[in-house]
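Peer 1: For the numbering used here, count along the sequence shown from 1 and bump the result up by 291. From the three backbone atoms N, C-alpha and C, an ideal C-beta is built for every residue, glycine too. A single structure is presented below for examination.
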Amino acid sequence: MSDNPFVKGQVILIDKPLNWTSFQVVNKVRWLIRKHYGLKKLKVGHAGTLDPLATGLLILCTGAMTKSIEEFQGQEKKYTGCLKLGATTPSYDLETEINETFNYDHITPEMLDGALTRFTGTIFQKPPIFSAIKKDGKRLYNLAREGKTTELPERKITIEEFTISALQLPEVEFYVRCSKGTYIRSLAHDFGASLGSGAHLTALRRTAIGNYDVADAMSIDGFEARLNDT
292 MSDNPFVKGQ VILIDKPLNW TSFQVVNKVR WLIRKHYGLK KLKVGHAGTL
342 DPLATGLLIL CTGAMTKSIE EFQGQEKKYT GCLKLGATTP SYDLETEINE
392 TFNYDHITPE MLDGALTRFT GTIFQKPPIF SAIKKDGKRL YNLAREGKTT
442 ELPERKITIE EFTISALQLP EVEFYVRCSK GTYIRSLAHD FGASLGSGAH
492 LTALRRTAIG NYDVADAMSI DGFEARLNDT
């Protein structure tokens with residue numbers, strides 16, 4: 292089976308569907324390949340987690356190409372999304388219920404422009420407590436769901452571009468081009484706080500990783516169909 296292309300190593304671009312975890316996508320693709328070729332085992336990994344409520348580009352590496360995962364993870368990411376001003380949630384997105392509301396009537400276009408500038412360039416960001424980061428062997432989102440809070444250190448990240456693509460308060464549609472390690476949920480949360488109003492992420496789509504674009508990605512069903520054609 293060493294001649295199998297997926298054992299030798301392949302890069303698979305998947306357009307992750309809503310409500311799927313990145314881990315579920317990896318498991319599904321691994322199962323499809325193993326079933327199709329009758330493989331007992333196959334290495335498959337992803338190059339950068341997407342939250343269940345996010346869609347878009349997920350790079351999967353198989354076989355020998357799994358050694359390149361860190362290289363893909365280090366590449367620049369592009370996102371489009373929407374945040375809602377005036378309310379916060381513990382997870383910084385729609386996974387959890389609103390825990391606090393704020394007034395946003397005072398926000399002006401000038402304030403928005405100023406906030407965009409403050410969050411562009413090299414900044415320090417604290418990851419959300421609802422994240423896949425591990426502490427003492429446990430994922431932080433599991434600790435958060437148990438009601439346990441964890442103090443996380445700030446991380447240095449780079450936001451190359453942060454622009455508003457559409458505005459209908461309290462909703463703000465945006466585009467972000469950023470470095471590895473950036474949490475868009477934290478960016479939405481911090482953006483709202485800087486305006487004297489809360490904010491949480493309501494939609495997110497990863498459109499590119501380095502030179503790889505979601506326009507070239509397949510749905511999971513599309514991948515299965517292509518696999519069955521081989």
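To which residues does DSSP link A490 through a beta bridge?
Peer 2: If you number the sequence shown from 1, residue 490 lands on position 199. Paired residues: L376.
Peer 1: List the whole-angstrom C-beta distance separating S313 from L349, where the pair is believed to meet the contact cut-off of C-beta under 8 Å.
Peer 2: In the sequence shown, residue 313 corresponds to position 22, counting from 1. In the sequence shown, residue 349 corresponds to position 58, counting from 1. With a Cβ gap of about 6 Å, S313 and L349 count as contacting.
Peer 1: Measure the beta-carbon distance from V463 to L374 and round it to whole angstroms, keeping in mind my assumption that it falls under 8 Å.
Peer 2: Taking the first residue of the sequence shown as position 1, residue 463 is located at position 172. Taking the first residue of the sequence shown as position 1, residue 374 is located at position 83. Confirmed, about 5 Å.
Peer 1: With 16 other CB atoms within 10 Å as the buried threshold, where does K369 fall?
Peer 2: Locating residue 369 in the sequence shown gives position 78, counting from the first residue. Counting Cβ neighbours within 10 Å, K369 comes out buried, since at least 16 surround it.
Peer 1: Which of the three DSSP states, helix, strand or coil, is assigned to D342?
Peer 2: On the sequence shown, residue 342 is found 51 positions in, with the first residue counted as 1. D342: coil per DSSP, three-state reduction.
Peer 1: In this structure, what does DSSP give as the bridge partners for A499?
Peer 2: Translated into the one-based positions of the sequence shown, residue 499 becomes position 208. Answer by DSSP bridge pairing, in chain order: K369 and D504.
Peer 1: Find the nearest neighbour of V505 within the set L304, S485, E386 and M356, judged by alpha-carbon distance.
Peer 2: As a working mapping, residue 505 is identified with position 214 in the sequence shown. The shortest Cα separation from V505 among L304, S485, E386 and M356 belongs to L304.
Peer 1: Evaluate the contact criterion for the stretch 372 to 387 versus the stretch 471 to 481: three or more CB pairs, one atom per stretch, below 8 Å.
Peer 2: Yes, they touch.
Peer 1: Find out if the Cβ-Cβ distance for the pair T346, H491 is shorter than 7 Å.
Peer 2: Indexing the sequence shown from 1 puts residue 346 at position 55. Indexing the sequence shown from 1 puts residue 491 at position 200. Cβ atoms of T346 and H491: not closer than 7 Å.
Peer 1: Can you tell me the Cα-Cα spacing of W322 and M509, whole angstroms?
Peer 2: Taking the sequence shown and counting its residues from 1, the one referred to as residue 322 is at position 31. Taking the sequence shown and counting its residues from 1, the one referred to as residue 509 is at position 218. Roughly 17 Å separates the two Cα atoms.
Peer 1: Quick one: residues in its chain with C-beta nearer than 6 Å to the C-beta of S293, no 5 flanking neighbours on either side, listed in chain order?
Peer 2: Locating residue 293 in the sequence shown gives position 2, where the first residue counts as 1. Around S293: no qualifying Cβ.
Peer 1: Inspect the beta-carbon positions of F410 and S488 and report whether they are closer than 7 Å.
Peer 2: The sequence position of residue 410 within the sequence shown is 119, counting from 1. The sequence position of residue 488 within the sequence shown is 197, counting from 1. No. Outside cutoff.
Peer 1: My understanding is that I398 touches L486, with C-beta atoms under 8 Å, so please give their C-beta distance in whole angstroms.
Peer 2: By 1-based counting over the sequence shown, the position of residue 398 is 107. By 1-based counting over the sequence shown, the position of residue 486 is 195. I398 to L486, Cβ: 5 Å. Contact.
Peer 1: By alpha-carbon positions, which one of E362, C469, F465 and T473 ends up nearest to E445?
Peer 2: Reading the sequence shown from its first residue, position 154 is the one you call residue 445. The option with the nearest alpha carbon to E445 is T473.
Peer 1: Provide the residue span of the alpha helix (DSSP H) that contains A406, from first to last.
Peer 2: Walking along the sequence shown from the start, residue 406 turns up at place 115. P400 to R409 is the extent of the alpha helix (DSSP H) around A406.
Peer 1: Counting Cβ pairs, one atom from each stretch, are 3 or more of them under 8 Å apart for the stretch 380 to 390 and the stretch 326 to 337?
Peer 2: The stretch 380 to 390 vs the stretch 326 to 337: no contact.
Peer 1: Rounded to whole angstroms, what is the Cα-Cα separation between I511 and E388?
Peer 2: Position 220 of the sequence shown holds residue 511. Position 97 of the sequence shown holds residue 388. Cα-Cα distance, rounded: 30 Å.
Peer 1: First and last residue of the beta strand (DSSP E) that includes D306?
Peer 2: Here residue 306 is taken as the residue at index 15 of the sequence shown, counted from 1. D306 -> beta strand (DSSP E) spans V302 to K307.
Peer 1: Name the two residues that bound the continuous alpha helix (DSSP H) containing E515.
Peer 2: Taking the sequence shown and counting its residues from 1, the one referred to as residue 515 is at position 224. Element bounds for E515: I511 to N519.
Peer 1: How would you write the range of the alpha helix (DSSP H) that Y328 sits in, first residue to last?
Peer 2: In the sequence shown, counting from the first residue as 1, residue 328 sits at position 37. Looking at the DSSP string, the run of the alpha helix (DSSP H) that includes Y328 is S313 to Y328.
Peer 1: For F363, does the count of other Cβ atoms within 10 angstroms reach 16, so buried, or fall short, so exposed?
Peer 2: As a working mapping, residue 363 is identified with position 72 in the sequence shown. Per the 10 Å Cβ criterion, buried.
Peer 1: Is the distance from the Cβ of G365 to the Cβ of K471 below 7 Å?
Peer 2: On the sequence shown, residue 365 is found 74 positions in, with the first residue counted as 1. On the sequence shown, residue 471 is found 180 positions in, with the first residue counted as 1. Yes; because the gap between Cβ atoms is below 7 Å, this pair is in contact.
Peer 1: Please report how far the alpha carbon of G300 lies from the alpha carbon of E391, in whole angstroms.
Peer 2: Counting from one through the sequence shown, the residue named residue 300 turns up at place 9. Counting from one through the sequence shown, the residue named residue 391 turns up at place 100. Going by the C-alpha atoms only, they are around 48 Å apart.
Peer 1: If I measure Cβ to Cβ from H337 and keep anything under 6 Å in the same chain, skipping five residues before and after, which residues do I get?
Peer 2: Sequence index remark: in the sequence shown, residue 337 carries index 46 (1-based). Counting only Cβ-Cβ distances below 6 Å, and skipping sequence neighbours, we find S313, V317, L349 and L351.
Peer 1: Could you tell me which residues DSSP pairs with H397 in its beta bridges?
Peer 2: Within the sequence shown, residue 397 is the residue found at index 106, counting from 1. Paired residue(s): none; H397 is not in a bridge.
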